[in-house]
Amino acid sequence: MPAPALDSVRPAFRAAAAAFVPETAAADAATWERLEEVVATALAARPPRLRRQILLFIRLLDLLVLARYGKRLAALDSARRSRLLQRLGASRLLLVRRGVWGLRTLVQMGWYGQPEIQQRLGYRASISGWEARQ
Amino acid sequence: MTNRRYDVVIVGSGAGGGTVAQALTPLVERGKRVLVLERGPRFRDEDFTGRELEMAPDLYVDGGGFLTADGSMTLAFGQGYGGSTIVYTGTSLIAPERVIRHWNVPGLDYADVERRSRRYVSENNVHLLPSELINDNNRLFVEGCVNAGYHAEQFPLNLRGCRGSSLCNLGCPNAAKQGTNRVQLPNAERGGVEVVTRAEVLALGDRRLQVRVSPRPAGGKGTEPEWAPGEYQVDAERVVLAAGAIGTSTILLRSRLPSLPRSVGTGFTCHPAHILVGEHPETITNDVGHPKSFFVDRAESERFVLETCMYFPFITAKNLAGFGALHSVLMHAFPRLQMILVLACDRAIPENRVTVTRAGRPVVHYRFTPEVIRAMVQATRASARIFFAAGAVRVHAPSADPPLIEAGDAGRIDQLIDQRHFQRGRISISAAHLMGGCGMGRVTDEWGRVHGLPWVRVADASLFPDSLEINPYLTVMALADRVAEGVLNG
Numbered sequence: 122m123p124a125p126a127l128d129s130v131r132p133a134f135r136a137a138a139a140a141f142v143p144e145t146a147a148a149d150a151a152t153w154e155r156l157e158e159v160v161a162t163a164l165a166a167r168p169p170r171l172r173r174q175i176l177l178f179i180r181l182l183d184l185l186v187l188a189r190y191g192k193r194l195a196a197l198d199s200a201r202r203s204r205l206l207q208r209l210g211a212s213r214l215l216l217v218r219r220g221v222w223g224l225r226t227l228v229q230m231g232w233y234g235q236p237e238i239q240q241r242l243g244y245r246a247s248i249s250g251w252e253a254r255q
Numbered sequence: 173m174t175n176r177r178y179d180v181v182i183v184g185s186g187a188g189g190g191t192v193a194q195a196l197t198p199l200v201e202r203g204k205r206v207l208v209l210e211r212g213p214r215f216r217d218e219d220f221t222g223r224e225l226e227m228a229p230d231l232y233v234d235g236g237g238f239l240t241a242d243g244s245m246t247l248a249f250g251q252g253y254g255g256s257t258i259v260y261t262g263t264s265l266i267a268p269e270r271v272i273r274h275w276n277v278p279g280l281d282y283a284d285v286e287r288r289s290r291r292y293v294s295e296n297n298v299h300l301l302p303s304e305l306i307n308d309n310n311r312l313f314v315e316g317c318v319n320a321g322y323h324a325e326q327f328p329l330n331l332r333g334c335r336g337s338s339l340c341n342l343g344c345p346n347a348a349k350q351g352t353n354r355v356q357l358p359n360a361e362r363g364g365v366e367v368v369t370r371a372e373v374l375a376l377g378d379r380r381l382q383v384r385v386s387p388r389p390a391g392g393k394g395t396e397p398e399w400a401p402g403e404y405q406v407d408a409e410r411v412v413l414a415a416g417a418i419g420t421s422t423i424l425l426r427s428r429l430p431s432l433p434r435s436v437g438t439g440f441t442c443h444p445a446h447i448l449v450g451e452h453p454e455t456i457t458n459d460v461g462h463p464k465s466f467f468v469d470r471a472e473s474e475r476f477v478l479e480t481c482m483y484f485p486f487i488t489a490k491n492l493a494g495f496g497a498l499h500s501v502l503m504h505a506f507p508r509l510q511m512i513l514v515l516a517c518d519r520a521i522p523e524n525r526v527t528v529t530r531a532g533r534p535v536v537h538y539r540f541t542p543e544v545i546r547a548m549v550q551a552t553r554a555s556a557r558i559f560f561a562a563g564a565v566r567v568h569a570p571s572a573d574p575p576l577i578e579a580g581d582a583g584r585i586d587q588l589i590d591q592r593h594f595q596r597g598r599i600s601i602s603a604a605h606l607m608g609g610c611g612m613g614r615v616t617d618e619w620g621r622v623h624g625l626p627w628v629r630v631a632d633a634s635l636f637p638d639s640l641e642i643n644p645y646l647t648v649m650a651l652a653d654r655v656a657e658g659v660l661n662g
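What follows is the structure, encoded as structure tokens:
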């Protein structure tokens with residue numbers, strides 16, 4: 122079941138996620154669910170203020186795109202979406218840079234934290250250490 | 173509320189608290205009651221699975237994502253039976269003499285710190301790993317240093333039976349790392365010291381602690397707490413605070429005790445760090461073998477230290493600047509990545525301090541001084557030279573824009589890696605060597621006794637009046653040993 126914490130921002134969240142980690146665009150429903158579950162769990166463990174800030178940032182991002190391009194973030198083509206997030210990520214305002222960094226970090230946690238994804242990258246750390254390589 | 177009474181209560185069970193607990197067992201022999209309160213759980217050996225997202229929430233405060241007040245730096249500190257000694261890599265260096273001299277604490281001399289450190293070098297089986305256990309990630313660092321003109325030194329490590337899982341930062345799954353959870357705390361418990369886990373100190377009053385013991389969450393790691401969940405009032409003749417550089421200051425600041433020194437929380441330092449990545453043309457052994465076996469010490473001349481490191485995929489992704497296709501390509505090169513951790517040797521300045529919110533939550537204020545930024549940029553340049561000298565085809569440097577530097581541009585490192593690209597909030601900066609807040613000489617005397625509160629002592633990295641400029645655990649143990657001697661002598 123999709124994580125309820127992201128219900129109010131899901132389309133914008135997924136659109137931003139696809140810009141941060143392009144492979145997510147081709148992810149199946151189960152992989153998305155796992156990603157969002159990780160993000161929701163991480164948010165739940167953070168101070169309430171930080172949690173509110175992240176969700177507010179996603180909403181503001183979506184509204185910014187609406188004001189500027191007349192459509193929501195999810196409807197923006199991927200190249201424009203990436204350029205916009207790159208620009209915001211290098212903004213003069215620390216608050217904006219932090220917002221992009223925080224959101225991208227959550228998406229990366231949800232994606233690269235998954236053991237199956239880690240295996241696909243070639244990550245092979247094992248409790249058995251050197252023995253596992255023999 | 174349940175009442176308990178002890179002669180000595182130690183708050184925290186890491187390098188400081190664990191050391192004090194063991195050193196106070198003679199008190200138990202004399203009929204005194206000694207208690208250790210640890211806010212985290214007591215992990216079982218089978219809990220250490222090495223899975224990144226499964227371990228981090230239990231092992232680290234805020235899952236390792238505790239942010240400074242302006243959100244520009246992540247502070248990682250452990251929780252659990254053994255504190256941060258569960259999650260360090262076991263590096264065990266004796267403090268440099270020049271640093272102890274610079275601290276200038278009346279009554280604290282280098283010989284004393286060195287003597288006590290050597291005791292724990294011996295007790296924790298500190299030694300150099302044999303060459304056959306050194307992986308490519310470390311070997312390439314040494315090779316790059318030799319070729320680029322840097323002096324690499326080998327880390328003494330406190331290991332016993334290391335199998336090379338490379339998972340030190342997620343808690344050793346093979347019980348090889350000799351943290352306080354493996355050595356000092358079990359000794360203390362055998363000697364009659366009580367340890368209660370999942371026990372958080374909510375308030376500190378006059379010789380009295382208010383403690384909340386939480387149950388093991390459903391599906392959570394670790395054992396049930398030793399005391400029944402609930403709130404306790406614990407009376408203690410003496411209290412030793414060893415809850416870490418953030419935890420100890422937080423407990424003291426929350427207490428609002430009338431004679432509390434005004435300088436509590438000041439002098440926070442943390443060795444701000446970046447993770448740098450070099451991509452090699454061939455697969456290397458990086459996610460097997462001890463991850464941190466060598467370092468370059470340029471602290472005295474250039475205010476930085478370089479260390480080998482190897483992190484897990486999410487932490488690696490987080491530490492690469494930027495995102496999108498280029499970031500993704502580098503992540504898919506994981507088996508070919510070499511990593512270096514750069515650490516700046518920061519100085520205690522008035523702005524960098526721990527405070528608490530009205531609700532009692534810790535807030536860490538940290539300003540990056542021009543000296544720290546310069547050191548991090550210099551360290552990044554040095555690392556890039558080492559990567560290329562070791563044969564890397566491209567290097568990822570956060571303080572470059574774009575962050576990827578190809579081997580063909582190795583001659584332009586000084587132009588490409590520049591302070592103007594060190595942009596807080598855009599690049600990942602983290603720290604795990606959290607120090608200061610209750611500086612010896614400033615907040616405490618040379619035996620860790622808090623000025624104005626003789627029944628409270630501090631025994632952790634909070635005592636450092638300025639940064640240590642090396643990995644801190646052995647020095648924490650040395651100072652904690654000293655504090656314990658003070659307690660034993662009354």
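First to last, the sequence lines map onto chains A and B. Each number in our numbering comes from the position in the first sequence (counting from 1) with 121 added on. Each number in our numbering comes from the position in the second sequence (counting from 1) with 172 added on. Beta carbons are placed, not taken as given, at the ideal position from N, Cα and C, and that holds for glycine.
Is any beta-carbon of chain A found at less than 8 angstroms from that of residue i?
i	result
Asp617/B	no
Leu225/B	yes
Phe506/B	yes
Asp590/B	no
Pro430/B	no
Gly235/B	yes
Check whether chain B comes within 8 angstroms of residue i, counting only Cβ atoms and requiring the distance to be less than that.
i	result
Gly191/A	no
Trp324/A	As shown, chain A starts at 122 and ends at 255. That puts residue 324/A outside it, with no answer to give.
Phe141/A	yes
Thr152/A	no
Leu182/A	no
Val160/A	no
Arg173/A	no
Ala166/A	yes
Pro169/A	no
Ala163/A	yes
Give the single residue among the options whose Cα lies nearest to the Cα of residue i.
i	options	result
Ile599/B	Ala375/B, Ala408/B, Val460/B and Pro444/B	Pro444/B
Ser129/A	Ala151/A, Ser199/A, Ser212/A and Leu181/A	Leu181/A
Arg135/A	Leu194/A, Pro125/A, Ala166/A and Arg173/A	Leu194/A
Leu187/A	Arg173/A, Leu176/A and Arg202/A	Arg202/A
Ala196/A	Arg131/A, Glu237/A, Trp232/A and Gly210/A	Arg131/A
Leu376/B	Thr422/B, Arg332/B, Asn359/B and Arg553/B	Thr422/B
Ile487/B	Arg241/A, Gly231/A, Glu237/A and Ile179/A	Gly231/A
Phe466/B	Met482/B, Thr395/B and Arg475/B	Met482/B
Leu429/B	Val628/B, Ala572/B and Arg470/B	Val628/B
Can you give the beta carbon distance from residue i to residue j, rounded, assuming they're within the 8 angstroms contact cut?
i	j	result
Ile585/B	Arg557/B	6 angstroms
Asn341/B	Val259/B	5 angstroms
Asn297/B	Asn330/B	6 angstroms
Pro433/B	Gly624/B	6 angstroms
Ala139/A	Ala150/A	15 angstroms between Cβ atoms; not a contact.
Ala246/A	Val449/B	The Cβ separation is near 16 angstroms, so there is no contact.
Gly255/B	Ser337/B	Between Ser337/B and Gly255/B the Cβ distance is about 21 angstroms, and since that is not below 8 angstroms, they are no contact.
Thr352/B	Cys610/B	Not confirmed; about 20 angstroms, so no contact.
Whose Cβ in chain B lies nearer than 7 angstroms to the Cβ of residue i?
i	result
Glu144/A	Ser500
Gln229/A	Phe486, Ala489 and Lys490
Gln239/A	Pro485
Give the range of the beta strand (DSSP E) segment to which residue i is assigned.
i	result
Val192/B	That residue, Val192/B, is in no beta strand (DSSP E); its alpha helix (DSSP H) goes Ala187 to Ala195.
His568/B	Arg566 to His568
Asp469/B	Phe466 to Arg470
Met511/B	Leu509 to Ala516
Asn175/B	Thr174 to Val183
Glu403/B	Gly402 to Leu413
Taking residue i as part of the alpha helix (DSSP H), name the residues at either end of that continuous run.
i	result
Arg241/A	Pro236 to Leu242
Thr552/B	Pro542 to Ala561
Gln139/A	Per the sequence shown, the amino acid found at residue 139/A is Ala instead of Gln. Its alpha helix (DSSP H) spans residues Arg131 to Phe141.
Met230/A	Leu215 to Tyr233
Strictly below 8 angstroms CB to CB, what residues from chain A border residue i?
i	result
Ser337/B	Ala246, Ser247, Ile248, Ser249 and Gly250
Met503/B	Tyr233 and Leu242
Gly461/B	Gly250 and Trp251
Pro268/B	Simply none; closest approach about 32 angstroms.
By the criterion of Cβ-Cβ separation under 9 angstroms, what are the contact partners of residue i in chain B?
i	result
Arg203/A	Inspection of the sequence shows that residue 203/A is occupied by Ser rather than by Arg. Per Cβ cutoff of 9 angstroms: Phe495, Gly496 and Ala497.
Ala211/A	Asp573, Gln595 and Arg598
Name the chain A residues that come within less than 9 angstroms of residue i, Cβ to Cβ?
i	result
Asp308/B	Simply none; closest approach about 12 angstroms.
Asn346/B	Ile248, Ser249 and Gly250
How would you list, in chain order, the residues of chain A whose beta-carbon sits under 7 angstroms from the beta-carbon of residue i?
i	result
Asn276/B	Result: empty, since nearest Cβ-Cβ is about 35 angstroms, beyond 7 angstroms.
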